[in-house]
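In order, the protein sequence lines correspond to chains F and V. Quick note on numbering: the first sequence equals residues 181 to 290 in the numbering used here. Quick note on numbering: the second sequence equals residues 351 to 465 in the numbering used here. This report refers to the structure that appears directly beneath it.
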Amino acid sequence: EDQVTQSPEALRLQEGESSSLNCSYTVSGLRGLFWYRQDPGKGPEFLFTLYSAGEEKEKERLKATLTKKESFLHITAPKPEDSATYLCAVQATSGSRLTFGEGTQLTVNP
Amino acid sequence: KAGVTQTPRYLIKTRGQQVTLSCSPISGHRSVSWYQQTPGQGLQFLFEYFSETQRNKGNFPGRFSGRQFSNSRSEMNVSTLELGDSALYLCASSQTRPTLWYEQYFGPGTRLTVT
Numbered sequence: 181e182d183q184v185t186q187s188p189e190a191l192r193l194q195e196g197e198s199s200s201l202n203c204s205y206t207v208s209g210l211r212g213l214f215w216y217r218q219d220p221g222k223g224p225e226f227l228f229t230l231y232s233a234g235e236e237k238e239k240e241r242l243k244a245t246l247t248k249k250e251s252f253l254h255i256t257a258p259k260p261e262d263s264a265t266y267l268c269a270v271q272a273t274s275g276s277r278l279t280f281g282e283g284t285q286l287t288v289n290p
Numbered sequence: 351k352a353g354v355t356q357t358p359r360y361l362i363k364t365r366g367q368q369v370t371l372s373c374s375p376i377s378g379h380r381s382v383s384w385y386q387q388t389p390g391q392g393l394q395f396l397f398e399y400f401s402e403t404q405r406n407k408g409n410f411p412g413r414f415s416g417r418q419f420s421n422s423r424s425e426m427n428v429s430t431l432e433l434g435d436s437a438l439y440l441c442a443s444s445q446t447r448p449t450l451w452y453e454q455y456f457g458p459g460t461r462l463t464v465t
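As structure tokens, this is what we get:
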């Protein structure tokens, strides 16, 4: 059974204080690892897809990396508008469903 | 390009009733997936439809069903509602071209409350 574990559950940062979110996974053949951002009362917003170990992708202050067992979402010099829940999901080669972690709730204080 | 739309956005039902939720995918997307999100269980996969056929199904009871129409719009139905069915129901659509097949884009969700 595919499993995704995210840590920490919650993270509080000061504006400008860089940090990383972790996503550990076990999957029977990884097709892709996905990062989403979710604001309260809204649907998840797609951020990145990573397909193979060693791959990195960047978008503004966010950078996602992938190894064979985990992924990191690095947040550089965050701003209050980066506050949200960040979700990690994996998709196995055996099917199209996404298996999600519980998410990391990020709060960035001004 | 318009995003995924879901209707209604909010719904209050009574135990024992049934409910139908609707999802319109992004134009050109032919795959539609449904997920249930609750504080205790997180996001869980319900089922996926492609070209009007259910391709994949999660571990939910038979009270949860869905269908897809020829224009790729999808509906999901929950019969005999239980209190535990209260959740945010999310629809996601994806393209079919190989390089973009796997990225799923979510709608705003339908918040269902069962009393």
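Glycine included, C-beta positions come from ideal geometry on N, C-alpha and C. Every value quoted in this text rests on a predicted model; they were computed, and no experiment measured them.
Put simply, the CB of residue 454(V) is near chain F, with a gap under 9 angstroms to one of its CB atoms.
Secondary structure of residue 393(V) (DSSP, three-state): strand. If you draw a straight line from the Cα of residue 216(F) to the Cα of residue 284(F), it is about 11 angstroms long. Residue 374(V) and residue 423(V) do touch by the CB rule: their CB atoms are close to 5 angstroms apart, below 8 angstroms. In the DSSP assignment, residue 421(V) falls outside any beta strand (DSSP E), carrying neither H nor E.
Flagged as an interface residue toward chain F: residue 406(V), by a C-beta distance shorter than 9 angstroms.
The C-beta of residue 440(V) comes closer than 9 angstroms to at least one C-beta of chain F.
C-alpha of residue 428(V) to C-alpha of residue 465(V): approximately 15 angstroms in a straight line. DSSP, read as helix, strand or coil, puts residue 433(V) in helix.
Between residue 240(F) and residue 182(F), the alpha-carbon positions lie close to 30 angstroms from each other. Comparing C-alpha distances from residue 255(F) to each of 220(F), 185(F) and 242(F) shows the shortest one belongs to 242(F). Comparing alpha carbon positions, the residue from 246(F), 218(F) and 238(F) closest to residue 270(F) is 246(F). Contact between the segment 382 to 396 of chain V and the segment 426 to 441 of chain V is established, with three or more Cβ pairs separated by less than 8 angstroms.
Flagged as an interface residue toward chain V: residue 276(F), by a C-beta distance shorter than 9 angstroms.
Taking a Cβ-Cβ cut-off of 9 angstroms, the neighbours of residue 211(F) in chain V comprise 452, given in sequence order. In the displayed model, residue 261(F) falls within a helix according to three-state DSSP.
In the DSSP assignment, residue 254(F) is bridged to 200(F) and 243(F). For residue 222(F), at least one C-beta of chain V is nearer than 9 angstroms to its own C-beta. Rounded to the nearest whole angstrom, the CA to CA distance from residue 197(F) to residue 257(F) is 5 angstroms. Think of a sphere of 8 angstroms around the beta carbon of residue 229(F): the chain V residues whose beta carbon falls inside it are 452 and 453, in chain order. CA-to-CA, the gap between residue 393(V) and residue 268(F) works out to about 11 angstroms.
Going by C-alpha positions, residue 432(V) is about 19 angstroms away from residue 359(V).
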